[in-house]
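Asks: I have a structure I would like to understand better, so I am pasting it below and will then ask my questions one at a time.
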């Protein structure tokens, strides 16, 4: 149900009175000092961070395009009621806009619900799209570990009625490609299925009404040990100790095709319709992943639950493994960098006639990846360029501003990336220093003699070599000397 | 001062009671019908719109990079007080977030104020950066003409203490390059200077206290005729008819270097210090623009005022000119597509010691450009591709899903953009039709005979030609046949 709001006229009047009281009380609070900062849980991206961000985005977008995805964009806010009832307990983390007259709005919490709204609104039953945009959660930020209140999500989803597990397998292939491409170190992709979880709960004797809450206890197993989760189930959630112990046996299992086969033979699970369906599809999924050659990084893990309410089938989550130091043998999980799953019911929640559009998708958790790459770059000696400038237009003597402006204009018009110092008479040394500082590889120097001779002196910053280039071949010469191939 | 909030304990208690009342009353209000839409003044971008958007962004970003700009990003919201007092009357259009505890926040209204906040906060005195992001204004939307409540701005700014008019001239060169590159039709860039306006107001006998309000009357001259503006000045704003008439003589002037020279000789204007400074700089600007070869599209226009409070020197605005139909001789302005100017005081408003960082910048009004290109595309027969897929992996017979999965995986791993239909046994005709519909140029067909022979049949969709390609040369063959060069 929607959060209570203040928009009944009777209440609005009372609130206005109270606000007036508050304003009067406020006057005694002394003068307020302006703080120069970004809002809590947010940050600016400077040019260096943006350079890293663009590298990561390029890797991800290339992958999405390689898989034939289209791209869409939706507004940063939605009608408040569009988000209502989609996130369970997490709804309290949604940012609402102030009622300034007109519609009640909220900032988007993820890209999946706006996608489902988009599909239903435009009656689209079939699309493969990606969407890269910021989402907003009033969570407790842990910014050093890449947890923000404003953060990017990079989502790829396949909507449509298809033969089982083919799109699902492609989503896992995509996660595998992106994480391999970004060279973040070793990783594992945990896979499970909501139907297997529900079937497991049923055969363990969990009452139907407790499925969701027990599921959210299981979801904590990547952070806290089983003993703690068990006592939450029994103590707080009132599950019988026997049921908890039966769950305990299952959720500690993980493996591959062999485990799936074993569970298909499990006398209890195999009797449960949902679990059997889920296990059958899981087997099919693993067959496809074998054809993709990626099962080495995939783990069928019965403890994977994922919090969001809307999943209905396969769920998955990719975690980076890190050797904390060389003496520690066991690989340590440093947190999730991608996740997703199948949500066949969400679009139907928006369709006036409840028509379903099956969907499966993956979301790449880009902020944690940024954090890792940022820290790695800082630790290394690598100097990252923040511009692409190919040449600085410089002068060797005074009174040559006009000549510099003429030359740089020619270069810009020819598509050359060029800069000059915004000074009438800059010193040559300062101009050369600027190239050193910013990584510009070439300097085109105009001087009186060169102007007479119809040439430009081209200096290669790295080698300090200087060549005289006829003005009419300068563009070509710069292109050749800065081409990457 | 910040808006009143509800977090005084005394008030919080009262509010809680009222909310309870509200909840009870709410139950009587009957069932509310959910509306499937985006918020007022916003829209989704589907794949086609995104394809156009990416073309435009690429043109703009290429230009910004050609001029050596770095890129930054800032949060979508700022502390409310960061925006306070920067936009004059337009402040009422700012979107505030609901007070949910913690800081009071507002959505950004433009990218200039966040940029100034970023400079002051990080003590940056020298940067050339661009920023492309959405901004938010609770304005009356006119969406068919490209006016939205959520819209993109593409800003390029140069901050730093430099020799006069060199960065200012570059900003105008950038507008000229972008509008030429996008082929939107004929355009003119109007230029003026706040100092010339203020000097003109002074010599016309406008009292100091009326400068801003008279300036905002002048700003309307691109939409309403002089007579109407005059009557606003005299009637509503209490200016003497003589002063208004003197202004009237000036603001109808526009031209180039000749006009600047004439005004430098003007017996009244030349006596005013501000006007003289502004005219001197305007002359210098035109000299630089002559070297850039772009004065043909620049008009020094004394009626250009621009609304925002923070400008201190040069201001400019680019408008598209359109022959409404061939019989109309006079070119008609269809609205501003870029604007900007110098704002030397804004950063100082954020610096605790008031240290100034001179800035000049340009903002490209991308939404109006989108509207034009979208309408143009719809009117034309051009079919725009929304994916970059090079090849569809297809099968000629049944039971070849596994073989398709193996082949597509090889192609993806080799960096080829490939798709397949998510069906176990798709018909060949349906697979070929999919290529026709989506513009995929090649089909790689696996069949039983081909598998035996170690080849793949490659079909060129446009010509219906089919060639047999050894499996090991398939990637190379696809690359050659889809390379753009």
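Chains as they are written, first to last, in my numbering: chain U, 1 to 485; chain L, 1 to 485.
No residue lacks a Cβ here, since even glycine has one placed at the ideal position from N, Cα and C.
Source: prediction; values computed, not measured.
(1) At which residues does the beta strand (DSSP E) containing residue 187 (chain L) begin and terminate?
(2) From which residue to which residue does the alpha helix (DSSP H) around residue 178 (chain L) run?
(3) Alpha carbons only, please: which of U:237, U:215 and U:245 is nearest the one belonging to residue 227 (chain U)?
(4) Find the residues of chain L that neighbour residue 163 (chain U), judging by a C-beta separation of less than 7 angstroms, and give them in chain order.
(5) If you compare alpha carbons, which of U:54, U:50 and U:71 is closest to residue 387 (chain L)?
(6) Roughly how far, in whole angstroms, is the beta-carbon of residue 486 (chain U) from the beta-carbon of residue 153 (chain U), given that I think they are within contact range, below 8 angstroms?
(7) Could you please give me the residues that DSSP links to residue 157 (chain L) through a beta bridge?
(8) Going by alpha carbons, who is nearest to residue 398 (chain L) out of L:434, L:360, L:392 and L:446?
(9) Among L:55, L:342, L:99 and L:107, which residue has its Cα nearest to the Cα of residue 77 (chain U)?
(10) Any chance the CB of residue 453 (chain U) is under 6 angstroms from a heavy atom of the ligand PLP?
(11) If you reduce the DSSP assignment to three classes, tell me which class residue 478 (chain L) lands in.
(12) Of the residues L:308, L:322, L:291 and L:188, which one's Cα is nearest the Cα of residue 301 (chain L)?
(13) Based on DSSP bridge pairs, tell me the residues matched to residue 304 (chain U).
(14) Please tell me whether residue 479 (chain L) has its Cβ less than 7 angstroms away from any Cβ of chain U.
(15) What do you get for residue 34 (chain U), buried or exposed, if any count of 16 or more other CB atoms within 10 angstroms of its CB means buried?
(16) Pick out the complete beta strand (DSSP E) segments inside the segment 46-121 of chain L, 3 residues or longer, and give them in chain order.
(17) Can you grab the Cα-Cα spacing for the pair residue 296 (chain L) / residue 410 (chain L), in whole Å?
(18) Could you tell me which of L:359, L:426, L:343 and L:471 sits nearest to residue 406 (chain L), measuring between CA atoms?
(19) For residue 469 (chain U), count neighbouring Cβ atoms within 10 angstroms of its own Cβ and tell me buried if that reaches 16, exposed if not.
(20) Quick check on this structure: which residue in U:464, U:199 and U:127 has the alpha carbon closest to the alpha carbon of residue 361 (chain U)?
(21) Kindly confirm or deny that the segment 191-198 of chain U and the segment 279-299 of chain U touch, where touching means at least three C-beta pairs closer than 8 angstroms.
(22) If we define contact as Cβ-Cβ less than 7 angstroms, is residue 45 (chain L) a contact residue for chain A?
(23) Taking contact to mean 3 or more Cβ pairs, one atom from each stretch, closer than 8 angstroms, check whether the segment 164-183 of chain U and the segment 376-393 of chain U are in contact.
(24) Can you tell me which of L:416, L:123 and L:385 puts its alpha carbon nearest to the alpha carbon of residue 353 (chain L)?
(25) Would you identify the three-state DSSP class for residue 250 (chain U), choosing helix, strand or coil?
(26) From the beta carbon of residue 166 (chain L), is the nearest beta carbon of chain U less than 7 angstroms away?
(27) Grouping DSSP H, G and I as helix and E and B as strand, with all else coil, what is residue 470 (chain U)?
(28) Taking only three categories from DSSP, how would you classify residue 342 (chain L)?
(29) Within this structure, are the beta carbons of residue 247 (chain L) and residue 215 (chain L) separated by less than 7 angstroms?
(30) DSSP has residue 294 (chain L) in a bridge; who is on the other side?
(31) Do residue 46 (chain L) and residue 141 (chain L) come within 7 angstroms of each other at the CB atom, strictly closer than that value?
(32) Interface residues of chain L around residue 409 (chain U) at Cβ under 8 angstroms?
(33) Does the separation of the CB atoms of residue 175 (chain L) and residue 338 (chain L) fall below 7 angstroms?
(34) Could you check the C-alpha separation between residue 400 (chain L) and residue 428 (chain L) for me, to the nearest Å?
(35) Assign residue 253 (chain L) to buried or exposed, taking buried as 16 or more other Cβ atoms, counted over all protein chains shown, within 10 Å of its Cβ.
(36) According to DSSP, which residues form a beta bridge with residue 142 (chain U)?
Replies: On the basis of the data shown:
(1) 187-193
(2) For residue 178 (chain L), the enclosing alpha helix (DSSP H) has its first and last residue at 166-181.
(3) U:245
(4) Within chain L, the C-beta atoms nearer than 7 angstroms to that of residue 163 (chain U) come from 422, 423 and 424, in chain order.
(5) U:71
(6) As displayed, chain U neither begins before 1 nor continues past 485, which places residue 486 (chain U) out of reach and without an answer.
(7) L:129 and L:361
(8) L:446
(9) L:107
(10) The model on display carries no ligand, and the ligand PLP is accordingly not part of it.
(11) helix
(12) L:188
(13) In the DSSP output, where bridge partners are listed per residue, residue 304 (chain U) has none listed.
(14) no
(15) exposed
(16) 77-79 and 105-107
(17) 55 angstroms
(18) The residue with the shortest Cα to Cα distance from residue 406 (chain L) is L:471.
(19) buried
(20) U:127
(21) yes
(22) The structure shown has no chain A; the protein chains it does contain are U and L.
(23) no
(24) Comparing Cα-Cα distances from residue 353 (chain L) to each of L:416, L:123 and L:385, the minimum goes to L:123.
(25) helix
(26) yes
(27) strand
(28) For residue 342 (chain L), the three-state secondary structure derived from DSSP is strand.
(29) no
(30) DSSP, once it has assigned bridges, lists no residue as partnering residue 294 (chain L).
(31) no
(32) Under the 8 angstroms cutoff, chain L gives 173, 291, 292 and 293.
(33) yes
(34) 12 angstroms
(35) Classification for residue 253 (chain L): exposed.
(36) U:147
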